[in-house]
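Asks: Here it is, the structure in full.
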Amino acid sequence: MSRGKLWSARRVGALVGAAVLLVSLVPATPAAANSTFQAATLNILNELNQADFVHDLELITAKADLVGLNEVGNRKAYLKDWAAENGWWLYAPEPTQAANEALLAKKSMFDVLDKGSNFVCDTNGPGEVPPARYNNWVRYRHKATGRSVYHLNAHANASIENNGRPEDLPRTACAEEQFQALKNLAAAKKDSGQVIVSGDLNVDFSADRAYGYQKFPWKVFEANQLPNLRSCYNLYGEKGNGTHGNRHIDYIYFWKRVEEHREMWMTDYSIVSGTNSDHNGVVAAFTISS
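Right, dumping it as structure tokens:
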């Protein structure tokens, strides 16, 4: 080999060696990590005094990043001030019956992209008991991942089932309409984001699953193939003594997709006791991919 060619080969070898060394020193790009957040639901009895209401509000918001509330329409003004002072987004639309199903989200973790309130039914007419029913929703941007997350919140009529069997009442028909509307709303939102559904549905999970009434939550939301809604109780069993007496009637669901399209997952949940309300809260943990 000529002297010129020898030096050229040495230069190439040195450059290759340097490149290999440089690659070994530069850390590999990490795989996309999952982020976590907590979503909660709590029906705060509207008859509570202010101090007891504040206790329950602060109890549930200390444990979650997204919160769905029920029966809080009469305290909308207070909630608005509280949210502004504590770094939360609040959605509690008019009228008061819609504001009952308020939605809260931490500003540090989520941005608001869109929101809406869907009237469902009014069993006995304006101003009569039980109040009109609304399904409220907010579309958030999860800051850590950039993903859209929808939170849907609802409260069904009380006294609509007996051990999983429907009561033959106008309010039951209204609730059945609300369950189907809530399922349709979740299905409509799933293609543009991850979907979470929360609320007091006034139907016990185990009794509903055992009896299997076609128009109640187990059949409407869960007893079918994926992709579809799945509740905390379906995935992780019934914990504690119940959310209202011995009944598990307060739910957190998410839209569970087939594995190859899965971007969000519920990893566990817990029952939140120690409330002044006649309900316990539910907090579910979620992971969401970047």
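Under mature numbering (1 follows the signal peptide of the UniProt record, and there is no 0), the letters of the sequence shown match residues -33 to -1, 1 to 257, in that order. The beta-carbon is built from N, C-alpha and C at its ideal position, and this holds for glycine as well. Here the structure is a predicted model, which means the values were calculated and not measured.
1. Can you give me the C-alpha to C-alpha distance between F253 and Q64, rounded to a whole angstrom?
2. Taking only three categories from DSSP, how would you classify T(-5)?
3. What's the gap between the Cα of G83 and the Cα of V105?
4. Among residues of its own chain, excluding the 5 on either side of G241, which ones have a beta-carbon nearer than 7 angstroms to its beta-carbon?
5. Whole angstroms is fine: what's the gap from S257's alpha carbon to A7's?
6. Taking C-alpha atoms, which residue in V39, T90, Y200, P194 lies nearest to T139?
7. Closest to E144 by C-alpha separation, out of L168, Y107, D235, L71, would be which residue?
8. From which residue to which residue does the alpha helix (DSSP H) around T242 run?
9. What would DSSP say about D175, mapped onto helix, strand or coil?
10. Where L33 and N103 are concerned, what is the direct C-alpha to C-alpha distance, given to the nearest angstrom?
11. Who are the near neighbours of R176 in its chain, counting only those whose CB is closer than 7 angstroms to its CB and skipping five residues on each side?
12. List the residues that DSSP assigns as beta-bridge partners of I163.
13. Output the residue ranges of the alpha helix (DSSP H) runs that lie fully inside the stretch 22 to 102 and measure 4 residues or longer, sorted by chain position.
14. Using only the alpha-carbon positions, how far apart do A66 and N201 sit?
15. Report back the beta-carbon spacing between N10 and N37 to the nearest angstrom; my notes put them in contact at under 8 angstroms.
16. When the distance is taken between beta carbons, is I219 closer than 8 angstroms to A174?
17. Can you find the residues in the same chain that come closer than 6 angstroms, C-beta to C-beta, to R100, ignoring five residues on each side of it along the sequence?
18. Cutting at 6 angstroms between CB atoms, please list the residues of its own chain near R132, excluding the five before and the five after it.
19. From N13 to F188, what does the alpha carbon distance come to, in whole angstroms?
20. Check whether the stretch 115 to 129 touches the stretch 146 to 165, taking contact to mean three or more Cβ pairs, one atom from each stretch, closer than 8 angstroms.
21. Which same chain residues end up closer than 8 angstroms to N195 when comparing Cβ atoms and leaving out the 5 residues on each side of it in sequence?
22. Alpha carbon to alpha carbon, what distance is there between P93 and C141?
23. Please state whether the Cβ-Cβ distance between Y117 and G160 is less than 8 angstroms.
24. Is the Cβ-Cβ distance between V170 and I127 less than 8 angstroms?
25. Let me know if D23 comes out buried or exposed under the rule of 16 or more other beta-carbons within 10 Å of its beta-carbon.
26. Using DSSP with H/G/I as helix, E/B as strand and the rest coil, what is F183?
27. By the three-class DSSP mapping on this structure, what secondary structure does E143 have?
28. Expressed to the nearest angstrom, what Euclidean distance is found between the alpha-carbon atoms of L70 and G35?
Replies: The structure says:
1. 29 angstroms
2. Any answer about T(-5) is weak, because its pLDDT of 34 lies below 50 and its placement is not dependable; what the coordinates show is given next. T(-5) falls in the coil class under three-state DSSP.
3. 6 angstroms
4. L26
5. 22 angstroms
6. T90
7. L168
8. It is not in any alpha helix (DSSP H) - T242 carries neither H nor E in the DSSP assignment.
9. helix
10. 14 angstroms
11. W185
12. H118, F221
13. 43 to 53, 63 to 66
14. 29 angstroms
15. 4 angstroms
16. no
17. V87, C88, Q145
18. Y178
19. 28 angstroms
20. yes
21. F188, E189, W222, K223
22. 14 angstroms
23. yes
24. yes
25. buried
26. coil
27. helix
28. 5 angstroms
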